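Below is one structure; the comments refer to it alone.
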Amino acid sequence: MVALVIAEHDNASLKAVTLNTVTAAAQCGGDVHILVAGSNCGAVAEAAAKVAGVTKVLVADAPQFADGLAENVAEQVLAVAGNYSHILAPASAHGKNVLPRVAAKLDVAQISEITKVDAPDTFERPIYAGNAIATVQSTDSVKVITVRGTGFDAAASEGGSAAVETVAAVADSGKSSFVGREVAKSDRPELTGAKVVVSGGRGMGSGDNFKILEPLADKLGAAMGASRAAVDAGYVPNDWQVGQTGKIVAPQLYIAVGISGAIQHLAGMKDSKTIVAINKDPEAPIFSVADYALVGDLFEVVPQLVEALG
Ligand SMILES: Cc1cc2nc3c(=O)[nH]c(=O)nc-3n(C[C@H](O)[C@H](O)[C@H](O)COP(=O)(O)OP(=O)(O)OC[C@H]3O[C@@H](n4cnc5c(N)ncnc54)[C@H](O)[C@@H]3O)c2cc1C
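Under the working numbering, the first residue of the sequence shown is numbered 88, with each subsequent residue one higher.
Right, here's the structure in full:
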């Protein structure tokens, strides 16, 4: 049994969620290889070769992989798929774009967003916005799996010494072309990988009011998130959204400010290690998952908290 992990990267560095995916792959029971499909992506291949537990890195380096077009990456995965019992990718926008194409072409059922490996053919995945866990057994010859990063510890990024092997790059599929990319710039940590997240909800009242969360996030080195209601109201950009239809986070500390705790929000953050909720309504459902409940007006409580943090 050999598992192949599709690396998530930007041609310069390996994204952290790849490390969580390697852990899931290792739990499938065999060797773990990583496929790096990119352009001028030597540094990524080097980083992948150092990941603990990885025995081989396949590199397909060609201009048609520069922008991660799913049509091209999926064809590259299919070109090497015959050697693998398991093919895994992070359940990110990229992984969710690539792997269904691979599963369809291999004529197997994709197993999506696993949070646990019970056996090489049996996996756990949340359903109904995380309110139930389905145990899924696959009889397909190849298991094509997306991995929820928050379900698995990251493999160590150092300590491995995998062989790096260049593989022939597939031709450009010609089915899609790269038009442009607008990247939100932030000095804060990336939301899905942050150790601390400070999120605001509709209770913030306006986009301007989110400024009162900034000193709190600064003090804690936190990423900033939001509920869907805050995003839909235009308070903050939609890449801040945490929840069922937003990002799934599981930081060491999650601070929910002016968020009621709808199940769709909880689905994205309830696995956080410590949850602090600030809400003026003592009956707010967010308190049912909170480790620390602060009942009060956020406009008074947040500045006090910032002051107390020194
Ligand atoms: C299919 C579907 C998918 C969805 N996906 C998501 C998702 O991914 N993420 C998500 O978040 N939601 C999602 N939702 C929406 C979700 O159901 C809720 O509507 C949303 O989470 C509510 O956001 P909120 O808690 O900010 O707002 P509200 O529910 O309006 O809560 C605001 C809270 O702020 C408190 N508050 C107000 N003023 C203050 C103050 N001054 N001080 C302290 N507290 C105050 C109130 O007591 C209240 O609890 C989804 C819904 C559907 C149907």
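Even glycine gets a Cβ: it sits at the ideal position worked out from N, Cα and C.
Quick caveat: nothing in here was measured; it's all calculated off a predicted structure.
Given residue i as reference, the closest of the options once Cα atoms are compared
i, options, result
"Gly397", "Gly294, Lys143, Lys306 and Ile214", "Lys306"
"Glu193", "Lys203, Gln224, Lys230 and Gly182", "Glu is not the amino acid found at residue 193; the sequence shown has Leu there. Selected option, being the one with the closest Cα: Lys230."
"Ser248", "Pro213, Ala139, Cys128 and His96", "Ala139"
"Lys262", "Lys360, Ile232, Asn159 and Asp274", "Asn159"
"Lys334", "Ala180, Ala255, Val204 and Thr253", "Ala180"
"Thr105", "Ala377, Ala241, Glu394 and His352", "Ala241"
"Val251", "Ala337, Thr279, Thr142 and Val109", "Thr142"
"Ala354", "Ser228, Lys282 and Tyr215", "Tyr215"
"Ala196", "Lys203, Ala178, Asp227 and Ala168", "Asp227"
"Asp154", "Ile220, Arg289 and Arg268", "Arg268"
"Asp97", "Gln114, Thr108, Ala130 and Ser286", "Ala130"
"Ala337", "Arg289, Ala343, Leu385 and Ala281", "Ala281"
"Ser314", "Glu200, Gln351 and Ala149", "Gln351"
"Lys272", "Trp327, Asn107, Cys128 and Val283", "Trp327"
"Ala178", "Gly312, Gln114, Ala103 and Leu165", "Ala103"
"Asn296", "Tyr322, Ala124 and Asn366", "Tyr322"
"Val204", "Asn107, Thr253 and Ala380", "Asn107"
"Gly169", "Tyr379, Leu392, Ala219 and Val89", "Val89"
"Asn30", "Val167, Ala349 and Gly290", "Nothing about residue 30 can be read from this structure; the chain reaches only from 88 to 397."
"Asn127", "Arg235, Asn325, Asp378 and Gln151", "Gln151"
"Pro372", "Leu385, Ala343 and Phe386", "Ala343"
Rounded distance between the beta-carbons of residue j and residue i, thought under 8 Å
i, j, result
"Val146", "Ala132", "5 Å"
"Ile121", "Ala111", "Incorrect: roughly 13 Å between the Cβ atoms, too far for contact."
"Gln339", "Lys360", "5 Å"
"Thr188", "Ile198", "Checking the sequence, you will find Arg at residue 188 rather than Thr. Between Ile198 and Arg188 the Cβ distance is about 15 Å, and since that is not below 8 Å, they are no contact."
"Leu91", "Ile174", "5 Å"
"Val388", "Ile299", "Actually they do not touch by this definition, with Cβ atoms about 10 Å apart."
"Ala157", "Val185", "5 Å"
"Gln182", "Glu95", "The sequence shown places Gly at residue 182, not Gln. With a Cβ gap of about 7 Å, Gly182 and Glu95 count as contacting."
"Val365", "Val376", "A quick correction: the sequence has Ile, not Val, at residue 365. Between Val376 and Ile365 the Cβ distance is about 14 Å, and since that is not below 8 Å, they are no contact."
Identified DSSP bridge partners for residue i
i, result
"Gly125", "Asp148"
"Gln197", "Val231"
"Gly287", "Ala313 and Val344"
"Arg212", "Ala221"
"Lys399", "Only positions 88 to 397 of the chain appear in the structure, and residue 399 is not among them; the question remains open."
"Ile299", "Ile299 pairs with nothing; no bridge assigned."
"Ala250", "Lys143"
"Leu101", "His96"
"Gln331", "Per DSSP, none; premise fails for Gln331."
"Leu66", "Given a span of 88 to 397 for the chain in the structure shown, any question on residue 66 remains unanswerable."
Practice task
Would you mind listing the alpha helix (DSSP H) stretches within the segment 334-397 that are 4+ residues and don't spill past its ends, in chain order?
Solution key: 350-356 and 385-395
Problem - Test item, CB below 5 Å from any non-hydrogen atom of ligand 1 - result: Gly288, Arg289, Gly290, Ser314, Arg315, Ala316, Gly330, Gln331, Thr332, Gly333, Gly345, Ile346, Ser347, Ala349, Gln351, His352, Asn366, Lys367, Asp368, Ala371, Asp384 and Leu385
Problem - Every unbroken beta strand (DSSP E) inside the segment 151-198 [3 residues or more] - result: 173-177
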